[in-house]
Structures are given as structure tokens and as C-alpha cells.
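Notes follow once the structure below has been shown.
There are 4 protein chains.
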Amino acid sequence: MPATAEIGSTTWVIAAALIPEWGEGPGAPVASRETASILNASEREAHASITVFFQNREPIGPYRVTVPARRAERLCFNDLEKPTPIPHDTQFACLIESDVPIVVQQTRLDARRGDAAAITTIAYSAN
Amino acid sequence: MPATAEIGSTTWVIAAALIPEWGEGPGAPVASRETASILNASEREAHASITVFFQNREPIGPYRVTVPARRAERLCFNDLEKPTPIPHDTQFACLIESDVPIVVQQTRLDARRGDAAAITTIAYSAN
Amino acid sequence: MPATAEIGSTTWVIAAALIPEWGEGPGAPVASRETASILNASEREAHASITVFFQNREPIGPYRVTVPARRAERLCFNDLEKPTPIPHDTQFACLIESDVPIVVQQTRLDARRGDAAAITTIAYSAN
Amino acid sequence: MPATAEIGSTTWVIAAALIPEWGEGPGAPVASRETASILNASEREAHASITVFFQNREPIGPYRVTVPARRAERLCFNDLEKPTPIPHDTQFACLIESDVPIVVQQTRLDARRGDAAAITTIAYSAN
Chain B
416 MPATAEIGST
426 TWVIAAALIP
436 EWGEGPGAPV
446 ASRETASILN
456 ASEREAHASI
466 TVFFQNREPI
476 GPYRVTVPAR
486 RAERLCFNDL
496 EKPTPIPHDT
506 QFACLIESDV
516 PIVVQQTRLD
526 ARRGDAAAIT
536 TIAYSAN
Chain U
416 MPATAEIGST
426 TWVIAAALIP
436 EWGEGPGAPV
446 ASRETASILN
456 ASEREAHASI
466 TVFFQNREPI
476 GPYRVTVPAR
486 RAERLCFNDL
496 EKPTPIPHDT
506 QFACLIESDV
516 PIVVQQTRLD
526 ARRGDAAAIT
536 TIAYSAN
Chain A
416 MPATAEIGST
426 TWVIAAALIP
436 EWGEGPGAPV
446 ASRETASILN
456 ASEREAHASI
466 TVFFQNREPI
476 GPYRVTVPAR
486 RAERLCFNDL
496 EKPTPIPHDT
506 QFACLIESDV
516 PIVVQQTRLD
526 ARRGDAAAIT
536 TIAYSAN
Chain V
416 MPATAEIGST
426 TWVIAAALIP
436 EWGEGPGAPV
446 ASRETASILN
456 ASEREAHASI
466 TVFFQNREPI
476 GPYRVTVPAR
486 RAERLCFNDL
496 EKPTPIPHDT
506 QFACLIESDV
516 PIVVQQTRLD
526 ARRGDAAAIT
536 TIAYSAN
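In order, the protein sequence lines correspond to chains B, U, A and V. Number 542 marks the last residue of the first sequence (this note's numbering); no jumps. Number 542 marks the last residue of the second sequence (this note's numbering); no jumps. Number 542 marks the last residue of the third sequence (this note's numbering); no jumps. Number 542 marks the last residue of the fourth sequence (this note's numbering); no jumps.
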């Protein structure tokens, strides 16, 4: 049986996030995505609360995400709707707080290159 | 004589992994790879156990990898076969546990750009 | 109401920074940028002091940046003017010191690819 | 006067390094580089010792690098000659040990894209 464990941190930050808006004609991809990949390696369901910060306006949130035990979730910022969608082409940062230790990695995908990832980094873990 | 030491951690996580599947005709590269580069700088052989997590199914593993003393191993997820190959075009996360401290760095290679690396990050070390 | 907290570190380093200088004709982009995205998730205004180090000359600075409470700032090295602009096409490192904990992520943008980010990494936090 | 301080760690690892070898005709770039950017923010000269590890052979080194006080060095692995050049197109890992705390960031440059960086990550700090 594979290993499981409570691995990671309960507080994570991505400081440089952006949902790209491609508008270069009919061939423009619609699938470029800003994502946070979340691993919950534990035996417990993880409940994450996400706050999104901007340069010139009040933060919005919390967005709620549930990651089942022993699962890897791919949170796509493009798809968040409640409390309100995140504006495109706007730099933002996000704070992810979970009741169970998780690991968070940022990836921005550029669909124009065949779903190749453009950038990635392990997020900052605050504790 | 070069230095050797027990450097790193025994528990590592890559949260955003993906084996790309290129299918764009006869010129399509077959060598795009998701890899975990592992340094064992110690004088002891390291035995690593890898568990792979998914969004919608049970984790699989453990995969077993041995890294000799004073060697840098390049683990290619495409090549893992036992207990079962990792599905392509599917996001996964992996937990790497070793009996000797190691250092793990993720790299995804895009063979269409002359073996240039597309993305890299030091993995998350959990202890 | 979204969460706020004093998250991060007061000392950060980006070791490999560079303001690209594109000069490939009339279509050359002028918007390629070296940036440090800074999250101040706290309730207090953060005052950051930035020192820039070079290979062959004395460091310059401090540059001063203020990040309001609960805001994500995007510091563009291209735009710094006081005490002196940072030379282009020259490798530099920077030390960012803040009176309030912040999180810093480096991103270099290559405007020739539609504002897609070329590289990113969470900066090094020194405490 | 800008700030100076002993910031960073004395032990660093890059696990996934590679000196690219481009050989695609007369237009092939010769300047693609694997680099480690090193910040010595202290008032003391730093003496770094670098050991290079491979998959199938004994490690080589130490390579010696001196970083003056308050300087940012860009160590290019392509240029190392003593005790022996690092083979191209061969994965390697490196251990960087310094007598003064430093910060290390890996960057691989792809000269075919106008000196844009292809990948970067803060290296792993072991203490």
C-alpha cells in the first residue's frame, strides 16, 4: 500500500499570479490557465480557504476548495466564481490556508504551446 | 578529493507533475519528459520510495529507485513501470521518501525545443 | 471578510536578475520586464528597502518601496529611478528588506510572447 | 549607504544542471549557458568550493570560486576548467560550499531566444 502522511504546511502564498487573456484572432487559445496544484497526502479531507490580493483594490475571498484525502487537486483560478470571478490580465497574489497540511505548486500554462507549462514554482510555505 | 556529505531531506514533494503527450503528426517529439533529478551526496546508497497521487483515483506506488552513493540520478516518470505505468496527459503529484537525505529538483523537458528544459523548480522538502 | 495576517519574511534575495534589452528592429518589444511581486498580507503598511548588487561595481541603493496593508505590489526594476536607474543587460542581485513580513516572487516577462511570463521563482527568504 | 549583511547559507545544491550543446547548423548559438548566480552580501570575501556529481561516474572537483564582499557573481559552468571541464549534454548536480553565507540561484540561458532565460530556480539551501 502506498505511503500517506500529513506533509507540508497549512499556509501558502503565490505572490505573482496572473490569468492570461489571449486575444490574437480566431486561433487564439482560450485555455491558458493560472493554476495551483495542491497535494493532500494525508488521510483527512483538507478544507482550503483562498484570499486573493490586488495592487489597487481590497482583497477578495475567501474562495473555498476541498481536497479529498490522498488526492492531488488542480485548482484553476480561471474557474473560481464565488464570491466573484478573478479579473483577467490583472496581477494578483493569493494566500491559501488549509486545516490539514498540504503542498502547493504554481503553474501557468500557455495553451499556445501544446499545453506545455510556461512557468512553475513551489509556492511559499509560511509555517 | 571532492566533498561528500549527507545533505538534503528524506521527504520531498512535487505537486504539479505531468507527462506530456505530443501528437502533432510525424514530426511530433516522443522524448518530452517529466523528470525528478535526485542528488545523493552521501557515502551511503539511498533507497527512495515514490507514491503518485491523482485527482480522481487512488494513489499508486510505491515505485522504488536506488541512488548510489555520490551520484546524481535522473528519474524519468515516463519510464516507471512497476507497479504500473503513470498515465500520460494526466496531472499528478508525487511524494518521494528516502532512507538517506537527498535533494530533488523537478524538470519538464520539451523535446521540440532541442532538449531545452521548459520548467524547473527545487521540489518541496518536508523535513 | 478575507483573512489577513503577517505572513512571510522581512529579508528576501533575488540572486539572478536582469533587465532585458531587446533591440531587434522596429518590432522590438519595449515592455520586457524584470519584476518582484510583493505580497503584504498584513494590516500594516510595509516599507521595503532594496539594495542592488553587481559583479564589478559597488552596490547601489537603497531604493524605497511602500506596499500598503493587504495589497500585492508589482515592483518593476525597469522603473526604479532613485537613487539611480538600474543598467540594462547587466546581471544583478537584490536584497529586499522590509519592516513588515512580506512574500517576494521574481518574474521576468518576455513581451514578445504576449505578456507571458518567461521565468518565475519564489525568492530566497533569509529569516 | 546600502545595506550589507551575512545573508543566506553556506551549503547549496543544484540537482538538475546541464550545459546545452546546440548543433543545428551555422546559425546554432554557442552561448547557451548553465549558470549559478551567487550573492555575497557580506563584508567578507567568500570562498566557494564546488563539487559536481554525475549519474555514472565519480564526482569531480572541487572547483574554486571567490566572490568578493558585496558582489553578485555569475558562475558559468561552461567556463570551469580546473580540475577539468564539465562535459556538455550531460546531466549533473552540484554542491556549493562557502565559508561565508551566500545565496545561489540557478539559471539556464537559451541564447536562441535573445539571451532570455529559459529556466530559473533558487537553489536548495542545506542549512
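Ideal Cβ positions, reconstructed from N, Cα and C, are used throughout, including at glycine.
Taking C-beta atoms as the reference points, residue 517 of chain B and residue 423 of chain B count as a pair closer than 8 Å.
Counting only Cβ-Cβ distances below 7 Å, residue 433 of chain B has no contacts in chain U at all, with the closest Cβ about 16 Å away. Closer than 8 Å to the CB of residue 458 of chain B there is not a single CB belonging to chain U. Residue 520 of chain U has U:452 and U:537 as its beta-bridge partners, per DSSP. The CB of residue 541 of chain U comes closer than 7 Å to the CB of 422 and 423 in chain B, given here in chain order. Annotation: Cβ neighbours of residue 454 of chain B in chain U (cutoff 7 Å, chain order): 428, 430, 468 and 508. DSSP, read as helix, strand or coil, puts residue 507 of chain U in strand. In terms of beta-carbon proximity, residue 487 of chain U lines the interface with chain V, with at least one pair separated by less than 8 Å. Of all residues in the segment 513 to 525 of chain V, those with a C-beta nearer than 7 Å to a C-beta of chain A are 518, 519, 520 and 522, reading in chain order. Within the model, the alpha-carbon separation for residue 468 of chain V versus residue 463 of chain A is close to 39 Å. Residue contact check for residue 537 of chain U against chain B: a CB pair falls below 8 Å.
One alpha carbon belongs to residue 429 of chain U, the other to residue 519 of chain A, and they sit about 21 Å apart. Closer than 8 Å to the CB of residue 474 of chain U there is at least one CB belonging to chain B. Assignment of residue 492 of chain U by DSSP, reduced to helix, strand and coil, places it in the helix class.
Taking 8 Å as the threshold, the shortest C-beta distance from residue 511 of chain A to chain V does not fall below it.
The shortest CA-to-CA distance from residue 507 of chain B to any of A:490, A:500, A:475 and A:477 is the one to A:490.
Listed along chain V are 534, each with a C-beta nearer than 8 Å to that of residue 534 of chain U. For residue 479 of chain A, the beta-bridge partners assigned by DSSP are A:464. Per DSSP, the unbroken beta strand (DSSP E) holding residue 424 of chain U starts and ends at 424 to 432. By the criterion of a C-beta distance shorter than 7 Å, residue 503 of chain U is surrounded in its chain by 434 and 436, once the five residues flanking it on both sides are discounted. Residue 515 of chain V and residue 421 of chain U have their alpha carbons spaced roughly 20 Å apart. By the criterion of a C-beta distance shorter than 8 Å, residue 460 of chain A is surrounded in its chain by 481, 482, 483, 484 and 515, once the five residues flanking it on both sides are discounted. Between residue 448 of chain U and the set U:454, U:455, U:470 and U:501, the nearest pair of CA atoms involves U:501. Residues 434, 448 and 449 of the same chain have their beta carbon placed closer than 7 Å to that of residue 493 of chain U, with the five preceding and five following residues left out of the count. The beta carbon of residue 513 of chain V sits closer than 6 Å to those of 425, 461 and 463, all from its chain and outside the five residues before and after it, given in chain order. Collapsing the DSSP output to three states places residue 486 of chain V in a strand.
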